[in-house]
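Engineer: Below you'll find the structure I mean.
There are 2 protein chains.
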Amino acid sequence: MSASTPSAPAKIELLELLAALGTAQWRDFSAAATRHGLTGTQAKVLAHLGGGPLPMRGLADRLVCDASNITGIVDRLEDQGLVRREPSPTDRRVKNVVITSLGREMIVRVRTEMQATHSALDTLNVEEQATLYALLTRLRPPLEHSA
Amino acid sequence: MSASTPSAPAKIELLELLAALGTAQWRDFSAAATRHGLTGTQAKVLAHLGGGPLPMRGLADRLVCDASNITGIVDRLEDQGLVRREPSPTDRRVKNVVITSLGREMIVRVRTEMQATHSALDTLNVEEQATLYALLTRLRPPLEHSA
DNA sequence: TATTGTTATACTCTATAACTATA
DNA sequence: TATAGTTATAGAGTATAACAATA
Numbered sequence: 001m002s003a004s005t006p007s008a009p010a011k012i013e014l015l016e017l018l019a020a021l022g023t024a025q026w027r028d029f030s031a032a033a034t035r036h037g038l039t040g041t042q043a044k045v046l047a048h049l050g051g052g053p054l055p056m057r058g059l060a061d062r063l064v065c066d067a068s069n070i071t072g073i074v075d076r077l078e079d080q081g082l083v084r085r086e087p088s089p090t091d092r093r094v095k096n097v098v099i100t101s102l103g104r105e106m107i108v109r110v111r112t113e114m115q116a117t118h119s120a121l122d123t124l125n126v127e128e129q130a131t132l133y134a135l136l137t138r139l140r141p142p143l144e145h146s147a
Numbered sequence: 001m002s003a004s005t006p007s008a009p010a011k012i013e014l015l016e017l018l019a020a021l022g023t024a025q026w027r028d029f030s031a032a033a034t035r036h037g038l039t040g041t042q043a044k045v046l047a048h049l050g051g052g053p054l055p056m057r058g059l060a061d062r063l064v065c066d067a068s069n070i071t072g073i074v075d076r077l078e079d080q081g082l083v084r085r086e087p088s089p090t091d092r093r094v095k096n097v098v099i100t101s102l103g104r105e106m107i108v109r110v111r112t113e114m115q116a117t118h119s120a121l122d123t124l125n126v127e128e129q130a131t132l133y134a135l136l137t138r139l140r141p142p143l144e145h146s147a
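So the protein sequences, as listed, match chains A and B. Quick note: the first sequence uses full-length UniProt numbering, first residue 1, plus one each step. Quick note: the second sequence uses full-length UniProt numbering, first residue 1, plus one each step.
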């Protein structure tokens, strides 16, 4: 049954494979976060803050959710000492969310504990990983602006 | 073979690309569901029931969540006439969840309205889709048992 | 006037624990 | 004893609407 020649898989199959993989990937990430006392969303926020501070509004854009939700999410992260709010020097309406050193340690730990995803990638050799990366990169832009 | 080999992307980059894609894919699916008055989870249940009836417990396994959650989820779907509960003929403890014809129409509509994902796939030619499908298939098994 | 962040509200999804009716 | 489904509860994420402070 396992056809070694995929001979143009139906689009719908590729779509659902992508969906199944995405779901599993998120589950893996969330499970790793839970092991460290975080929710998947909280860990995702920490990951987004790794590149530098972001205003509340910027986080809402990245999570693709209403801005009102960010208040509570950042509250809970701040309670755990993983981020802190800082007033913007240029716009007194804005609060920048900064990841703390503790938050940085946390997201590193979560990332290194995504066992399932790591082991899955190990089934591909370097050249295959490069091919996959190239194809996924071309898929990314249109999907990113989906919402 | 793509001429542009990105010189062995770091594993972490491939990982995050996969995560970003999975997130976008789920967002696209959820948005399509919302346009039809469903949540992403409700639409996912309908998708799982497309292959035939499943007991409550079977749905819990597929959604990878506690069985107690399924009661409410199926309740809300039943209120909308998209599924119905049927007693199992062989085990009086079991209730099989059956998708209705209305439910079937609904999930078809949701699937055909995943605009972003469809347009993303269109950026790849048939051969590239086959290559991607083959690579993702090899990634699937270990990821599926992640939780 | 428009934007940033917040609050209040309501709904859905989630896990845990305890219960029932079956097996 | 074990399993299927339910109920009760509490926490988290989500959208909507309204508000104060600032631009």
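The beta carbon of each residue, even a glycine, is placed where N, CA and C say it ideally should be.
#1: Would B:Thr123 and A:Leu139 qualify as a contact pair, given that the criterion is a beta-carbon distance under 8 Å?
#2: Out of B:Val126, B:Thr100, B:Met106, which one is the CA nearest neighbour of B:Leu54?
#3: Is the number of C-beta pairs between the segment 15 to 29 of chain B and the segment 22 to 37 of chain A that are closer than 8 Å three or more?
#4: For B:Val83 and A:Cys65, I'd like the C-alpha separation in whole angstroms.
#5: Answer yes or no: does any C-beta atom of chain B fall closer than 8 Å to that of A:Val108?
#6: As a quick exercise: from B:Met114, B:Pro141, B:Pro89, B:Asn96, pick the residue whose alpha carbon is nearest that of A:Ala116.
#7: Where DSSP assigns a beta bridge to B:Leu54, which residues make up the other side?
#8: Tell me whether A:Arg93 is buried or exposed, calling it buried when 16 or more other Cβ atoms sit within 10 Å of its Cβ.
#9: Along the chain, where does the beta strand (DSSP E) containing B:Glu113 start, and where does it finish?
#10: What does the alpha-carbon distance come out to for the pair residue 211 of chain A and A:Ser88?
#11: Quick one: give me the first and last residue of the beta strand (DSSP E) that A:Pro87 is part of.
#12: Which one of A:Leu135, A:Ala33, A:Thr71 has the shortest CA to CA distance from A:Met114?
#13: Let's test the definition: count the other Cβ atoms within 10 Å of the Cβ of B:Leu136 and tell me whether it reaches 16, buried, or not, exposed.
#14: Counting only beta-carbon atoms, is A:Glu105 nearer than 8 Å to chain B?
#15: Roughly how far, in whole angstroms, is the beta-carbon of B:Gly81 from the beta-carbon of B:Leu102, given that I think they are within contact range, below 8 Å?
#16: Taking only beta-carbon positions, decide if A:Val64 is within less than 8 Å of chain B.
#17: Candidates B:Asp91, B:Leu15, B:Val110: which alpha carbon is nearest B:Gln42's?
#18: For A:Ala19, count neighbouring Cβ atoms within 10 angstroms of its own Cβ and tell me buried if that reaches 16, exposed if not.
#19: Going along the chain, which residues of its own chain have a beta-carbon closer than 8 Å to the beta-carbon of A:Met1, five neighbours each way excluded?
#20: Of all the residues that make up the segment 18 to 30 of chain A, which are near chain B by a beta-carbon distance shorter than 9 Å?
#21: By how many angstroms is the C-alpha of A:Gly37 removed from the C-alpha of B:Glu16?
#22: Classify B:Asn125 as helix, strand or coil using the three-state DSSP reduction.
Structural biologist: Put simply:
#1: Residue numbering aside, residue 123 of chain B sits at position 123 when the second sequence is read from its first letter. Residue numbering aside, residue 139 of chain A sits at position 139 when the first sequence is read from its first letter. Taking 8 Å as the Cβ cut-off, B:Thr123 and A:Leu139 qualify as a contacting pair.
#2: As a first step, residue 54 of chain B must be located in the second sequence, where it is residue number 54. The shortest C-alpha to C-alpha distance from B:Leu54 to any of B:Val126, B:Thr100, B:Met106 is the one to B:Thr100.
#3: yes
#4: Mapped onto the second sequence, residue 83 of chain B falls at position 83. Mapped onto the first sequence, residue 65 of chain A falls at position 65. Going from the Cα of B:Val83 to the Cα of A:Cys65 covers about 29 Å.
#5: The residue given as residue 108 of chain A occupies position 108 in the first sequence. Not an interface residue.
#6: For the purposes of this step, residue 116 of chain A is taken as residue 116 along the first sequence, with counting starting at 1. Taking each of B:Met114, B:Pro141, B:Pro89, B:Asn96 in turn and checking the Cα distance to A:Ala116, the smallest one comes out for B:Pro141.
#7: If you number the second sequence from 1, residue 54 of chain B lands on position 54. Its beta-bridge partners are B:Val97.
#8: On the first sequence, position 93 is the one that residue 93 of chain A refers to. When all chains shown are included, A:Arg93 counts as exposed.
#9: What you label residue 113 of chain B is simply residue 113 of the second sequence in a count that begins at 1. Looking at the DSSP string, B:Glu113 is not in any beta strand (DSSP E), and its letter there is neither H nor E.
#10: Because chain A in this structure spans residues 1 to 147, residue 211 of chain A falls outside the shown range and cannot be described.
#11: Reading the first sequence from its first residue, position 87 is the one you call residue 87 of chain A. Unbroken beta strand (DSSP E) run through A:Pro87: 83 to 87.
#12: The residue you call residue 114 of chain A lines up with position 114 of the first sequence. Comparing Cα positions, the closest option is A:Ala33.
#13: For the purposes of this step, residue 136 of chain B is taken as residue 136 along the second sequence, with counting starting at 1. The residue is buried, with at least 16 neighbouring Cβ atoms inside 10 Å.
#14: Position 105 of the first sequence, counted from the first residue, corresponds to residue 105 of chain A. Interface criterion not met: the Cβ of A:Glu105 is under 8 Å from no Cβ in chain B.
#15: To locate residue 81 of chain B, count along the second sequence from 1; it is residue 81. To locate residue 102 of chain B, count along the second sequence from 1; it is residue 102. 5 Å between Cβ atoms; contact.
#16: Within the first sequence, the letter at position 64 stands for residue 64 of chain A. Chain B contact via Cβ: present.
#17: Mapped onto the second sequence, residue 42 of chain B falls at position 42. Of the candidates B:Asp91, B:Leu15, B:Val110, the one whose C-alpha sits nearest the C-alpha of B:Gln42 is B:Val110.
#18: Looking up residue 19 of chain A in the first sequence gives position 19. Classification of A:Ala19: buried, given that the 10 Å Cβ count is 16 or more.
#19: If you number the first sequence from 1, residue 1 of chain A lands on position 1. Caution is warranted here: a pLDDT of 46 is assigned to A:Met1, below 50, making its placement in the model unreliable, and no coordinate value can be reported.
#20: Leu18, Ala19, Ala20, Leu21, Gly22, Thr23, Ala24, Gln25, Trp26, Arg27, Asp28, Phe29, Ser30
#21: By one-based count along the second sequence, residue 16 of chain B stands at place 16. By one-based count along the first sequence, residue 37 of chain A stands at place 37. Going by the C-alpha atoms only, they are around 21 Å apart.
#22: The residue given as residue 125 of chain B occupies position 125 in the second sequence. If DSSP states are grouped into helix, strand and coil, B:Asn125 belongs with coil.
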